[in-house]
Structure formats: C-alpha cells, structure tokens
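Same order as they appear, the protein sequences are chains A and B. No gaps in the numbering here: position 52 of the first sequence is 255 in this note's numbering, and each next residue is one more. No gaps in the numbering here: position 215 of the second sequence is 418 in this note's numbering, and each next residue is one more.
Protein chains: 2
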Amino acid sequence: VTGPAVADVLRRVLAERRAEIADIDARLLPQVDRIIGFVLGGGKRLRPQFLWWGWRAAGGPARGHRAEAALRAAASLELIQASALVHDDIIDNSETRRGEPSMHVDLGVSAAILLGDMALVWADDMFHAAAADLEAGAEAAGAWAGMRTEVMAGQLLDLHVSQYPDAEPLAQAEDARRVNRFKTAAYTVERPLHLGAALAQADPALISGLRRFGQQVGQAFQLRDDLLGVFGDAEITGKPAGDDLVEGKHTVLLAAARSAIIDPVLLAELDNGIGRAVANGGSPELTERLAAIIAESGAVQFIEAEIAQLMATALAELDGLPLPPDAAAALRDLAGAAAARIH
Amino acid sequence: VTGPAVADVLRRVLAERRAEIADIDARLLPQVDRIIGFVLGGGKRLRPQFLWWGWRAAGGPARGHRAEAALRAAASLELIQASALVHDDIIDNSETRRGEPSMHVDLGVSAAILLGDMALVWADDMFHAAAADLEAGAEAAGAWAGMRTEVMAGQLLDLHVSQYPDAEPLAQAEDARRVNRFKTAAYTVERPLHLGAALAQADPALISGLRRFGQQVGQAFQLRDDLLGVFGDAEITGKPAGDDLVEGKHTVLLAAARSAIIDPVLLAELDNGIGRAVANGGSPELTERLAAIIAESGAVQFIEAEIAQLMATALAELDGLPLPPDAAAALRDLAGAAAARIH
Chain A
204 VTGPAVADVL
214 RRVLAERRAE
224 IADIDARLLP
234 QVDRIIGFVL
244 GGGKRLRPQF
254 LWWGWRAAGG
264 PARGHRAEAA
274 LRAAASLELI
284 QASALVHDDI
294 IDNSETRRGE
304 PSMHVDLGVS
314 AAILLGDMAL
324 VWADDMFHAA
334 AADLEAGAEA
344 AGAWAGMRTE
354 VMAGQLLDLH
364 VSQYPDAEPL
374 AQAEDARRVN
384 RFKTAAYTVE
394 RPLHLGAALA
404 QADPALISGL
414 RRFGQQVGQA
424 FQLRDDLLGV
434 FGDAEITGKP
444 AGDDLVEGKH
454 TVLLAAARSA
464 IIDPVLLAEL
474 DNGIGRAVAN
484 GGSPELTERL
494 AAIIAESGAV
504 QFIEAEIAQL
514 MATALAELDG
524 LPLPPDAAAA
534 LRDLAGAAAA
544 RIH
Chain B
204 VTGPAVADVL
214 RRVLAERRAE
224 IADIDARLLP
234 QVDRIIGFVL
244 GGGKRLRPQF
254 LWWGWRAAGG
264 PARGHRAEAA
274 LRAAASLELI
284 QASALVHDDI
294 IDNSETRRGE
304 PSMHVDLGVS
314 AAILLGDMAL
324 VWADDMFHAA
334 AADLEAGAEA
344 AGAWAGMRTE
354 VMAGQLLDLH
364 VSQYPDAEPL
374 AQAEDARRVN
384 RFKTAAYTVE
394 RPLHLGAALA
404 QADPALISGL
414 RRFGQQVGQA
424 FQLRDDLLGV
434 FGDAEITGKP
444 AGDDLVEGKH
454 TVLLAAARSA
464 IIDPVLLAEL
474 DNGIGRAVAN
484 GGSPELTERL
494 AAIIAESGAV
504 QFIEAEIAQL
514 MATALAELDG
524 LPLPPDAAAA
534 LRDLAGAAAA
544 RIH
C-alpha cells in the first residue's frame with residue numbers, strides 16, 4: 204500500500220467528520236482544520252504500511268471490500284500518531300513539529316489538548332468500524348486496546364524517568380530502552396503488524412513471529428531516532444538539530460555516552476551543558492559542543508552496532524516465517540526504511 | 204441499576220487494566236491509581252443510569268449475560284466523564300474537583316493530560332467490548348462516535364466563545380446554550396439514552412423519542428449547574444461557591460442577568476467585578492456581591508422557569524412513548540434528579 208492511498212482514505216473519512224463539526228458550529232472549523240491538515244500532511248505512513256503488510260502476510264486480500272476495510276484500519280493509526288504528537292509536544296515543551304510551530308504554540312495548550320483528544324476518538328471510531336466490517340473479533344480488539352495503553356504508559360514512564368532519572372548510566376539506559384519499547388516501538392511496528400495479522404485472522408504462531416520481528420525493528424527505529432535527535436538534519440526531522448538535548452531527553456544514546464566517558468571533567472561538562480540547554484533553550488554552539496562530546500565517546504558506533512544487531516535478528520526471524528513472497532519482501536524493505544529513516 | 208453496581212463493574216474492569224500497567228512498569232501505579240481512584244470515587248453515576256434505563260426502555264433484559272454487557276457499556280461512560288473532567292480542569296484552570304486538588308494541580312499538567320487520555324481509551328475499549336458482546340451494530344457505534352465528537356466540539360466551542368465572547372446578551376445566551384448542549388447535555392442524558400436503546404436494538408421511533416426527552420432533561424441539568432456554579436454549596440458541588448464567576452464562565456444564567464440589568468452602572472459593576480475575580484481569584488466578598496447582583500436581576504427566577512418548562516416538555520414526551528412501566532418511572536425519577544441535582 205502506498206502513502207497516497209493512505210492519504211486518500213484519511214481525506215475521505217476526515218471530510219465526513221469535518222461535516223459533523225460544521226453541523227455543530229462552523230466557528231470550530233479553523234481549529235479542526237488544523238488537526239485534519241496535520242494528519243493529512245503526515246509523510247511516511249510507516250505505521251499504516253506495517254499494518255497493511257501484517258494483513259497481507261497473514262493472507263489478507265490486496266483488493267476488494269475486505270482490503271478496503273484493512274486499509275481504513277491501517278489509516279486510523281495516523282490519527283493515533285497525530286494525537287500522540289500533539290499531546291507529546293505540550294508535555295515536552297516542543298515548539299516545532301515538521302518545521303512548523305507545534306499545535307499548542309499556534310492555538311494554545313487548551314485547544315491542542317482538545318484537538319489531540321478528537322484525533323484519538325476519531326482513530327477509535329475508524330478502527331472499530333473497519334474491524335466490525337471484517338468481523339475481526341477479540342484478537343484485533345485486544346491488540347488495539349494493548350497498543351493504546353502501551354503508548355500512554357510509555358509516555359507516563361518517559362515523564363517519570365525524566366523527573367526521577369537514575370544517576371547510574373546502566374539503569375538509565377535500561378529505563379530509556381523501556382520507554383522506547385512502550386512509547387514508540389510498540390505502536391510503530393509490533394502492534395501495527397499484530398493488528399494487520401489479527402484482522403486477517405492469522406494463527407497465533409504467525410502473530411507471535413510477526414510481533415517478535417516487529418519488536419526488534421521498533422527498537423532499531425527508536426535508536427535511529429535517538430541519533431537523529433542529536434545529529435539529525437532539520438530538513439529530515441522537522442526539528443532543530445540537537446532537539447533531544449534541549450528537551451533533556453534521557454535517550455539510550457545519552458546513557459551510552461555517559462557510560463563510556465571515563466573523564467569526570469568531561470562527564471560534568473556534558474551533564475551541566477545539557478542542564479543549561481534545557482534551562483535556556485541551548486545556543487547552536489552549546490548543542491554542537493554537546494553533540495561532539497557524545498560523538499567522541501564512541502556512543503554513536505555503539506548505537507549503530509546495536510541497530511545492526513537488532514536488524515539481523517529481525518530479518519532472521521522474518522526468514523523463518525511462512526509468508527507470501529511479496530509480503531516478506533515488503534516487510535524487509537519497510538524494516539530497512541524504519542531503521543535507516545531514509546523516507 | 205444502582206451506583207454500587209456500576210462501581211463494581213468499574214472496579215473489576217479497572218483492576219484488569221491496572222494489572223497491564225503493573226506488567227509494563229510498576230512505577231506507574233501511583234499515578235494510574237489516581238485516575239482509577241477518581242473514577243471509582245464518582246458519585247451519582249447519572250450517565251450510566253440513563254444508559255441502563257434507555258436499554259430497559261427498549262426492552263433490554265434486567266438480568267443475564269446481555270444485561271451484564273449493557274451494564275459494562277453503561278459504566279464505560281464514567282471513564283469518558285473522568286477524562287473530560289481531568290482535561291477540562293486543565294483548560295479551565297480549576298484548582299479543585301470534588302473538594303480535592305484537581306489532577307493537574309496534584310500531578311502536574313503533563314501527567315494529567317496522559318491520565319485523561321488513558322481514561323478516554325479505556326472507555327472506548329470497555330464500550331466496544333460490550334457492544335461486540337451484544338452484536339449491537341452500526342447504530343450503537345454511531346451514537347458512541349457522535350457522543351464523543353460532540354463532547355470535544357462542545358469543549359472547543361466553550362473555549363472559542365470564552366476567548367471571543369459576543370457582547371450582545373442574546374447572542375451570548377445563544378452561545379452558552381449551544382455549549383451546554385454539546386459539551387454537557389449530549390453526553391449526560393441524550394446520548395446515554397440513545398446508546399442504551401441502540402444496544403437493545405430499539406426501533407428508530409423509540410430512539411428519536413428518547414433522544415428528544417434527553418435533550419430537554421440535559422439542558423435542564425446544565426441550567427441547574429449554572430445556578431449551582433454561582434449559588435451552590437461547596438458540599439454539594441465539590442467546588443468553592445461562585446466558582447463559575449472566578450472562572451469567567453459564559454453561562455446562560457450570566458447572559459440572562461446581563462440582559463435583565465438595565466442600569467448601566469450596575470452592569471459595569473458586574474462585568475468589571477467578574478473581570479477582577481478572573482484576574483485575582485475572587486475574594487469571598489466580591490463573589491458574594493456578584494452573586495447578589497445576579498440574584499437581584501431576576502435571572503434566577505428566569506432560569507428556574509426555563510428548567511420547569513424543559514422538564515414539563517420532557518415529561519410530556521416521555522408520557523407519549525410506549526415504555527415498560529418500570530422504565531418510565533425510573534426515567535421520570537432520573538430526570539427529576541438531574542434537574543434538581545438532589546443526588
């Protein structure tokens with residue numbers, strides 16, 4: 204399935220929801236159009252693609268009414284994503300998103316909370332309508348319930364470990380991995396695959412195999428995100444370079460750097476520098492210096508090696524699953540794209 | 204159905220969700236227990252009761268597996284309510300709720316956003332599982348979708364008319380009524396009745412009749428809320444007396460007072476006094492003086508007359524519906540309680 208196909212489904216469903224809003228009060232349309240535009244403006248459609256290929260991997264048809272329902276279920280993930288990003292930007296004090304002012308900067312925190320809520324309930328409506336059309340049953344509903352609880356719990360955990368960070372680098376890395384797993388990895392790869400396969404009534408063994416593959420790929424995706432958050436190009440990420448440093452994110456990358464740096468003076472420079480960046484927004488000079496400290500620690504190679512290891516495990520898992528050849532090839536490509544963030 | 208029966212269902216379902224959170228990370232339990240405690244500590248269970256009696260009105264059984272599923276659907280409304288209150292308190296800067304610090308005062312805005320999100324998705328999971336057990340179909344799913352969109356749109360509209368109030372009292376009253384209808388009335392009475400009847404596969408005529416009854420009762424409920432927001436006892440409301448004034452809420456009551464006051468000096472005292480109360484939190488002397496101005500305007504009698512009129516219309520509508528006698532009696536009692544807020 205292609206990004207434009209996902210966008211077409213979203214455009215059609217959101218036009219119906221927009222008409223409901225217009226019936227309630229047309230003065231709401233400028234704000235509601237902001238969240239609709241945000242959803243339609245999304246780029247990679249990575250999560251819908253993983254759901255789609257989980258569906259195809261389990262023998263779901265590529266055309267016809269059932270395929271259209273699966274595509275609607277896939278597209279609903281973009282609304283979950285939009286809700287999570289809008290609320291997350293409030294929580295993280297992120298001022299930009301996709302190179303533009305984030306929703307709460309533009310419309311205020313109150314409207315951003317409500318527009319995030321609206322995207323969240325529309326996601327549910329869209330998914331459940333598709334699942335009902337497919338007579339999908341308890342497995343798909345359970346995956347949907349589990350996914351959203353994991354995302355919220357992962358966000359809460361992120362908040363908790365940011366407020367009460369463990370000073371010990373290994374424990375800090377463990378916490379960062381756990382946040383990654385629940386906050387991002389689960390709803391990016393593992394659960395979309397689970398949902399797609401469950402909607403196609405896959406057998407439990409195939410679902411388990413796809414989920415194991417998805418766990419590895421999801422972790423690789425998030426480790427790539429850690430690298431982009433410090434060294435990334437604003438053109439690719441839509442966020443200023445070094446944004447993770449300015450937000451004081453407790454990433455696996457940072458924990459790896461702190462663990463690798465032996466010189467206490469350098470470690471203090473890193474920790475104090477991040478404290479200053481968080482406090483005052485961080486000058487380009489400061490974030491460049493901090494990025495250099497992290498790079499020189501060897502943490503980048505460490506993370507790249509971990510990504511490579513995760514991908515090798517994931518692809519070996521994939522090879523062991525009884526998949527149609529086109530689904531196997533598509534999942535291999537998608538996994539590579541997720542870990543490299545090339546699109 | 205009784206409040207304790209609703210609480211039992213919530214306790215059982217939320218214990219399962221709590222176990223999922225414990226599996227993700229036990230450090231989250233203190234925060235998650237706050238939202239669970241908030242849901243379990245709710246009092247009136249008015250919304251679940253309207254859903255239940257919509258179900259019974261349409262011939263749904265009082266006992267057995269189907270009744271248990273209807274009760275779960277009813278109880279899920281308490282999670283919608285919890286989510287709306289937690290997010291609303293952030294938006295309104297409300298410091299207290301049920302006589303205690305509101306969630307964001309206690310845990311911070313970020314955690315309160317996420318806990319409200321969690322309640323919202325758990326509501327969906329709970330409702331959809333119950334609807335699936337009842338094989339309820341599109342009518343119930345449509346009512347659920349419509350209800351949540353109305354709540355969010357009503358909150359957005361409240362925000363909009365607070366930021367850009369119409370200076371003209373009649374237009375202001377019209378806006379306040381529209382906010383009431385979507386933000387509160389719909390998910391308090393009309394949609395719960397709709398949901399209960401749809402879950403019991405009611406015919407369209409009965410659903411329409413119950414919804415018309417519910418619209419009137421819901422408006423009466425919200426007008427009573429307006430009166431309690433200015434003249435209410437903190438023991439009953441869980442909020443300080445005059446809280447609506449301090450929050451600068453644009454209520455129908457206030458619009459009625461502004462419309463009734465002819466003396467421009469008195470009107471200026473009211474408007475400027477509310478401005479001061481919003482700016483500095485409002486001394487008891489100030490809110491008492493403002494309440495006295497509103498009372499002396501005759502607006503209270505105007506609102507009481509409107510409540511009486513709404514209730515007369517609602518009960519006439521109810522009398523015209525072909526309902527089982529116990530359901531008719533229960534709906535009559537519930538409507539009276541909603542309009543009087545006696546429990």
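Ideal Cβ positions, reconstructed from N, Cα and C, are used throughout, including at glycine.
- Closest in alpha carbon position to Q358/B, among T391/A, A315/A and G399/A, is A315/A.
- Contact annotation for D328/A against chain B: A348 [CB-CB distance below 7 angstroms, chain order].
- Listed as beta-bridge partners of E303/B by DSSP are R300/B.
- Taking 8 angstroms as the threshold, the shortest C-beta distance from S500/A to chain B does not fall below it.
- In terms of Cβ geometry, W258/B and G345/B do not form a close pair [threshold 8 angstroms].
- Here the alpha carbon of G240/A sits roughly 22 angstroms from the alpha carbon of D295/A.
- Leaving aside the five residues that flank A376/B on each side, the residues in its chain whose CB is nearer than 8 angstroms to its CB run, in chain order, V455, A458, A459 and S462.
- Ranking V235/B, D226/B, W255/B and A229/B by CA distance to the CA of D529/B puts W255/B first.
- G319/A and L217/A have their alpha carbons spaced roughly 14 angstroms apart.
- DSSP, reduced to helix, strand and coil, places I465/B outside both helices and strands of the structure shown, so it counts as coil.
- Taking a beta-carbon distance threshold of 8 angstroms, L232/B does not count as an interface residue toward chain A.
- Using a CB distance cut-off of 8 angstroms, H363/A counts as an interface residue toward chain B.
- With contacts defined as CB atoms closer than 8 angstroms, I238/B and A285/B qualify as a contacting pair.
- Cβ-Cβ distances below 6 angstroms link R248/A to G206 and V209 in the same chain, with the five nearest sequence neighbours on each side left out; the list follows chain order.
- Here H453/B carries a coil assignment [DSSP, helix/strand/coil].
- Straight across, the Cα-Cα distance linking L243/B with E223/A is about 33 angstroms.
- For V503/B, the enclosing alpha helix (DSSP H) stretches over residues A502 to D522.
- Cβ neighbours of V212/B within its own chain (closer than 7 angstroms, five residues either side excluded): L274, R275 and A278.
- About 6 angstroms separates the CB atoms of G245/A and E281/A; that is less than 8 angstroms, so the two are in contact.
- Residues of chain B with a Cβ closer than 7 angstroms to the Cβ of I294/A are, in chain order, S313 and I316.
- Taking 8 angstroms as the threshold, the shortest C-beta distance from V324/B to chain A falls below it.
- The beta-carbon of E271/A is placed no less than 8 angstroms from the nearest beta-carbon of chain B.
- V420/A is a Cβ neighbour of A538/A, given a cutoff of 8 angstroms.
- Excluding the 5 residues flanking it on each side, L310/B has same chain C-beta neighbours closer than 7 angstroms at Q234 and R237, in chain order.
- The beta carbon of R351/B sits closer than 8 angstroms to some beta carbon of chain A.
- In the displayed model, Q404/A falls within coil according to three-state DSSP, outside both helix and strand.
- If the five residues before and after L473/B are omitted, its C-beta is found closer than 8 angstroms to the C-beta atoms of A460, R461, I464, L493, I496 and I497, all from its own chain and listed in chain order.
- Beyond the five residues adjoining it in sequence on each side, Q366/A comes within less than 8 angstroms, by CB distance, of no other residue in the same chain.
- By alpha-carbon distance to A341/A, the top candidate from D446/B, A343/B and M329/B is M329/B.
- Neighbours of D320/B in chain A, taken as residues whose beta carbon is under 7 angstroms from its own, are H290, L323 and M355 in chain order.
- In the three-state reduction of the DSSP assignment, L413/B falls in the helix class, which pools H, G and I.
- Counting only Cβ-Cβ distances below 8 angstroms, F416/A has no contacts in chain B at all, with the closest Cβ about 21 angstroms away.
- If you draw a straight line from the Cα of M514/B to the Cα of A374/B, it comes to about 24 angstroms.
- Residue nearest to N383/A within the set D228/B, R215/B and R214/B is D228/B (criterion: CA-CA distance).
- Scanning its chain for C-beta atoms nearer than 6 angstroms, with the 5 sequence neighbours on each side dropped, one finds around A423/B the residues I510, L513, M514 and A542, in chain order.
- With respect to the C-alpha of A444/B, the residue from T490/B, L288/B and S411/B having the closest C-alpha is T490/B.
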